[in-house]
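Chains as they are written, first to last, in the working numbering: chain L, 1 to 256; chain Z, 1001 to 1445.
Read through the structure below, which is laid out as structure tokens, and then see the notes.
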């Protein structure tokens, strides 16, 4: 069983420090939620873990499966088992969902064995059909250009489809609920829940409690001003729903 | 008191260090034969026309100062025997699994194959020299019918001296399924490969024709090609014409091409360009009869210091005509592309529907794409639209693909393939698509 360990992480973008010493450990099998107001660095954390080149780590460590994650390229992190469901997935015009997923799978196979000929087409088709069925996606979806002209709900479902296909060990869901109506939210959540289990660690990033009615976290953390300021069980999310963040703001200011 | 701002105009074009060189070919080298009159006329134009310079609008972005015109000579009869042979891979069918006929043009030679059944039905598919001997009456209907050899230095050169060429004639009403395939193979040093392609698809007939120009790449030497392509698609006829240009990177390449599409006839014209050191190509579509339809689809991929200049013209000369042009290109290294397009609608050509778009993807900082659309409309009830874009490879899509485990070079290749997909969708030939995919792979390293 592996764990993602984040120690004293400091991250800046264009010289401005956003994460100011963040500590967090996520084990496979656990579901964590990070909540917090806008602009506290939640998405910065997600992008940094995936290795976006615009984010500069100035201090701290991230370890997973015995690897120093911060030294790896984004594609290596992905192949190690880290997955990010983007808040705003970008369109890749001209590349179909199926072609893209096949490339992603084949990249994994080739990293293991440079001689690999790639996943056989019938096997790939069968797998894709099954995963799309689970997410209640029409089969024609596979032939569309990735995220190109997708509705908000389609984009988020496509993210979960990728997660289902790539079977990560740690999945970070960045504001996966944003832009979803209640039906889409349910489908996406059902997908995540179906994939959850002892082999998957999940980090749900959200600023609404709403998503946590569908994806039940074991741990809830509150992030403010680049740090985790409070951690607890599912009841913490409910408390935040009722009382907002002000009481925490006061508490952290007092502590400072 | 208002002081006028000082305006300083700095010219970006450098003065030529040396004047462009001129060709050394003289009247003595003119071939005789059935086309003597045509060739004499072309020669006169060749002799009186100067090498184009960047002060001419059409050549403003393509500079011939370093073009060693005086170094070239015409290949002697049988010259191919001492030169590298055409690779087998170029002879495989790009369309379907079987040819209706195949012609291989080599320096000083040609080989011709034509399906016997098609020959019996009246199809002519042969090289220019043979046609001069055996089909002079047919050449009367084909030569100088769409391209005037007087319209430029290179048109005149090719018209006067070309001994190599393809003549394709499809008789009235005949539908030919099997594609015709010709390869112009141009190895050698300091050779001027001159070609003249002539196609006539008679009324109600239909055919597919694939023509490929190629040579090995040899560094440190020069070679050139100048060609004419003259095509007529007569009333109610149908032609799919695929042109692939994979000259070696030492080849200077020039061509003047024009297709005339008559009433209710249909042309699907596909261009693929990945080779040559420098290309200047004039391609024109004349929609000459009511209801004529022409589609032009082009892809190019340049790298190193390649320079490809495509000048396209869609001429709507009759009412109810439709044209649709899409050219897409990717550029690497210090390469440069120019696309200059014009839709012309003649007076009275009402209900014209004209479209042109050029999209470029610049992959390296030093590569450059110029995209210049144009409309000239002399009728009032028309629909003409155009678009031109030059974009770069963006970071966010690459990061997105990398975050799924795809290494950066593969991610870049996927984005480039995706960029070309809309043009691949317009090419109904698996073999042509595969050839281009292969070129993308090679150029992306």
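The beta-carbon is built from N, C-alpha and C at its ideal position, and this holds for glycine as well.
Being a predicted model, the structure only gives us computed values, none of them experimental.
Exercise. Buried or exposed: which applies to residue 82/L, given that a residue is buried once 16 or more other Cβ atoms fall within 10 Å of its Cβ?
Worked result: Translated into the one-based positions of the first chain, residue 82/L becomes position 82. Result: buried.
Problem set entry | Under 7 Å from the C-beta of residue 1169/Z: neighbouring residues of chain L | Numbered from 1 along the second chain, position 169 holds the residue referred to as residue 1169/Z. Result: empty, since nearest Cβ-Cβ is about 39 Å, beyond 7 Å.
Problem set entry | 7 Å Cβ shell around residue 252/L - same chain, five flanking residues per side excluded | As a first step, residue 252/L must be located in the first chain, where it is residue number 252. Counting only Cβ-Cβ distances below 7 Å, and skipping sequence neighbours, we find 224, 229.
Problem set entry | DSSP-derived helix/strand/coil call for residue 32/L | On the first chain, position 32 is the one that residue 32/L refers to. Strand.
Exercise. Does the segment 1373-1384 of chain Z come close enough to the segment 1090-1104 of chain Z to have 3 or more Cβ pairs within less than 8 Å?
Worked result: They do not touch, by the three-pair rule.
For this session: For the alpha helix (DSSP H) holding residue 131/L, just list the boundary residues, first then last.
Result: Within the first chain, numbered from 1, the residue matching residue 131/L stands at position 131. Looking at the DSSP string, the run of the alpha helix (DSSP H) that includes residue 131/L is 121-134.
For this session: Name, in chain order, the residues that DSSP records as bridge partners for residue 1311/Z.
Result: In the second chain, the residue the question calls residue 1311/Z occupies position 311. Looking at the DSSP assignment, residue 1311/Z forms a beta bridge with 1282/Z, 1340/Z.
Exercise. Taking contact to mean at least 3 C-beta pairs separated by less than 8 Å, is the segment 1246-1263 of chain Z in contact with the segment 1215-1228 of chain Z?
Worked result: Result yes; three or more Cβ-Cβ pairs closer than 8 Å.
Exercise. What's the gap between the Cα of residue 1418/Z and the Cα of residue 1398/Z?
Worked result: Translated into positions along the second chain, residue 1418/Z becomes position 418. Translated into positions along the second chain, residue 1398/Z becomes position 398. Going by the C-alpha atoms only, they are around 12 Å apart.
Exercise. Which residues mark the beginning and the end of the beta strand (DSSP E) in which residue 103/L is found?
Worked result: The residue you call residue 103/L lines up with position 103 of the first chain. Where residue 103/L is concerned, there is no enclosing beta strand (DSSP E), although the alpha helix (DSSP H) around it starts and stops at 97-112.
For this session: Name, please, each residue of chain Z whose Cβ falls closer than 7 Å to the Cβ of residue 52/L.
Result: One-based indexing of the first chain puts residue 52/L at position 52. Ordered by position in chain Z, the residues that pass the 7 Å Cβ test against residue 52/L are 1399.
For this session: With DSSP collapsed to three states, give me the class of residue 1256/Z.
Result: The count along the second chain starts at 1 and reaches residue 1256/Z at position 256. DSSP, read as helix, strand or coil, puts residue 1256/Z in strand.
For this session: Could you give the DSSP three-state label for residue 1346/Z: helix, strand or coil?
Result: Counting from 1 along the second chain, the entry for residue 1346/Z is found at position 346. Assignment of residue 1346/Z by DSSP, reduced to helix, strand and coil, places it in the coil class.
For this session: Measure from the alpha carbon of residue 156/L to the alpha carbon of each residue in 130/L, 183/L, 52/L, then state which is nearest.
Result: Sequence index remark: in the first chain, residue 156/L carries index 156 (1-based). Relative to the Cα of residue 156/L, the nearest Cα in the group 130/L, 183/L, 52/L belongs to 183/L.
Exercise. Roughly how many angstroms separate the alpha carbons of residue 138/L and residue 105/L, rounded to a whole number?
Worked result: Here residue 138/L is taken as the residue at index 138 of the first chain, counted from 1. Here residue 105/L is taken as the residue at index 105 of the first chain, counted from 1. C-alpha separation (whole angstroms): 21 Å.
Exercise. So residue 7/L and residue 60/L are in contact, right, with Cβ under 8 Å, and what is the actual spacing, rounded?
Worked result: As a position in the first chain, residue 7/L is number 7, starting the count at 1. As a position in the first chain, residue 60/L is number 60, starting the count at 1. Your pair residue 7/L and residue 60/L checks out as a contact, with CB atoms roughly 6 Å apart and the cut at 8 Å.
Exercise. Is residue 97/L close to chain Z, meaning its C-beta is less than 8 Å from at least one C-beta of that chain?
Worked result: Position 97 of the first chain, counted from the start, is the residue given in the question as residue 97/L. No, because no Cβ of chain Z sits closer than 8 Å to the Cβ of residue 97/L.
Problem set entry | Counted within 10 angstroms of its Cβ, other Cβ atoms place residue 1315/Z as buried (16 or more) or exposed | If you number the second chain from 1, residue 1315/Z lands on position 315. Using a 10 angstroms sphere on the CB of residue 1315/Z, the tally of other CB atoms reaches 16 or more, which defines it as buried.
Problem set entry | Under 8 Å between C-beta atoms of residue 1247/Z and residue 1213/Z | Looking up residue 1247/Z in the second chain gives position 247. Looking up residue 1213/Z in the second chain gives position 213. For the pair residue 1247/Z and residue 1213/Z, the CB atoms are nearer than the 8 Å cut-off.
Problem set entry | Delimiting residues of the beta strand (DSSP E) encompassing residue 1270/Z | On the second chain, residue 1270/Z is found 270 positions in, with the first residue counted as 1. It spans 1266-1273 - the beta strand (DSSP E) in which residue 1270/Z sits, taken as one unbroken run.
For this session: Could you check the C-alpha separation between residue 1216/Z and residue 1442/Z for me, to the nearest Å?
Result: Taking the second chain and counting its residues from 1, one reaches residue 1216/Z at position 216. Taking the second chain and counting its residues from 1, one reaches residue 1442/Z at position 442. Approximately 15 Å between the Cα atoms of the pair.
Exercise. Out of 1075/Z, 1366/Z, 1370/Z, which has the shortest C-alpha to C-alpha gap to residue 967/Z?
Worked result: In the structure as shown, chain Z begins at 1001 and stops at 1445. Residue 967/Z is therefore absent and cannot be evaluated.
Exercise. If you measure from the beta carbon of residue 1432/Z to each beta carbon in chain L, is any gap under 8 Å?
Worked result: The residue you call residue 1432/Z lines up with position 432 of the second chain. So, not an interface residue.
Problem set entry | Interface residues of chain L facing residue 1421/Z [CB-CB closer than 7 Å] | Against the second chain, residue 1421/Z aligns to sequence position 421. Under the 7 Å cutoff, chain L gives 94.
Problem set entry | Proximal residues of chain L, C-beta to C-beta of residue 1415/Z below 7 Å | For the purposes of this step, residue 1415/Z is taken as the residue at position 415 of the second chain. Going along chain L in sequence order, the residues near residue 1415/Z (Cβ under 7 Å) are 92.
Problem set entry | CB contact below 8 Å: residue 1418/Z versus chain L | Position 418 of the second chain, counting from 1, holds the residue named residue 1418/Z. True, the Cβ-Cβ gap to chain L drops below 8 Å.
For this session: Within 10 angstroms of the Cβ of residue 1306/Z, are there 16 or more other Cβ atoms? Answer buried if so, exposed if not.
Result: For the purposes of this step, residue 1306/Z is identified with residue 306 of the second chain, where counting begins at 1. Classification of residue 1306/Z: buried, given that the 10 Å Cβ count is 16 or more.
Exercise. Which value, in whole angstroms, describes the spacing of the CA atoms of residue 1008/Z and residue 1332/Z?
Worked result: Numbered from 1 along the second chain, position 8 holds the residue referred to as residue 1008/Z. Numbered from 1 along the second chain, position 332 holds the residue referred to as residue 1332/Z. Its pLDDT being 49, under 50, residue 1008/Z is placed unreliably in this model, and the value from its coordinates should be taken loosely. Residue 1008/Z and residue 1332/Z: Cα-Cα distance of roughly 33 Å.
Exercise. If contact means a Cβ-Cβ distance below 8 Å, which residues of the segment 154-167 of chain L contact chain Z?
Worked result: Considering only beta carbons, the part of the segment 154-167 of chain L lying closer than 8 Å to chain Z consists of 162, 166, in chain order.
For this session: Report the partner residues of residue 1170/Z according to the DSSP bridge assignment.
Result: Counting from one through the second chain, the residue named residue 1170/Z turns up at place 170. Looking at the DSSP assignment, residue 1170/Z forms a beta bridge with 1201/Z.
Problem set entry | Any C-beta of chain L under 8 Å from that of residue 1410/Z | As a working mapping, residue 1410/Z is identified with position 410 in the second chain. Taking Cβ atoms only, chain L reaches closer than 8 Å to residue 1410/Z, which makes this a yes.
Exercise. Going straight from the alpha carbon of residue 132/L to that of residue 161/L, what length do you get?
Worked result: Looking up residue 132/L in the first chain gives position 132. Looking up residue 161/L in the first chain gives position 161. Roughly 7 Å separates the two Cα atoms.
Exercise. Using the beta-carbon of each residue, which ones in chain Z are nearer than 9 Å to residue 75/L?
Worked result: Here residue 75/L corresponds to residue number 75 of the first chain, with the count starting at 1. Near residue 75/L (Cβ distances below 9 Å), the residues of chain Z are 1401, 1402, 1403, 1404, 1405, 1406, 1407, 1408, 1410, 1411.
Exercise. My guess is that residue 1181/Z and residue 1210/Z are in contact by the Cβ rule of under 8 Å, so how many angstroms apart are they, rounded?
Worked result: Within the second chain, residue 1181/Z is the residue found at index 181, counting from 1. Within the second chain, residue 1210/Z is the residue found at index 210, counting from 1. With 8 Å as the limit, residue 1181/Z and residue 1210/Z qualify as a contact, their Cβ atoms being about 5 Å apart.
Problem set entry | chain Z contact for residue 171/L (CB, 8 Å cutoff) | Within the first chain, numbered from 1, the residue matching residue 171/L stands at position 171. No, no contact with chain Z.
Exercise. Within 10 angstroms of its Cβ, does residue 149/L collect 16 or more other Cβ (buried), or is it exposed?
Worked result: Along the first chain, one-based indexing puts residue 149/L at 149. With fewer than 16 other Cβ atoms within 10 Å, it is exposed.
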